[in-house]
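Residue numbers for the sequence shown follow full-length UniProt numbering, beginning at 1 and rising by one.
Built from N, CA and C at the ideal position, the CB exists for glycine as well.
Nothing here was measured: the structure is a model prediction, and the numbers come from that model.
Here is the structure we will look at, set down as structure tokens.
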Amino acid sequence: KLKAHLRRMGVRPFDTLFRALGDIREMFDPQECWNFLKTAGYASD
């Protein structure tokens, strides 16, 4: 879901990525974000 939005926005440079994330962050609830980070291996219990 997140990757699809970023691809659709054509985000490439690092600063543009962070601005885009700020714009779409309200589309996801905190638990969904946590699950994504944990599944991707960026977070632990």
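The three-state secondary structure of Asp23, taken from DSSP, is helix. Per DSSP, the unbroken alpha helix (DSSP H) holding Phe36 starts and ends at Pro30 to Thr39. Secondary structure note for Ala4: its alpha helix (DSSP H) is the uninterrupted segment Leu2 to Met9. In this structure Phe36 touches Leu2 by the C-beta definition: roughly 7 Å separates them, less than 8 Å. Met9 and Ala40 have their alpha carbons spaced roughly 22 Å apart.
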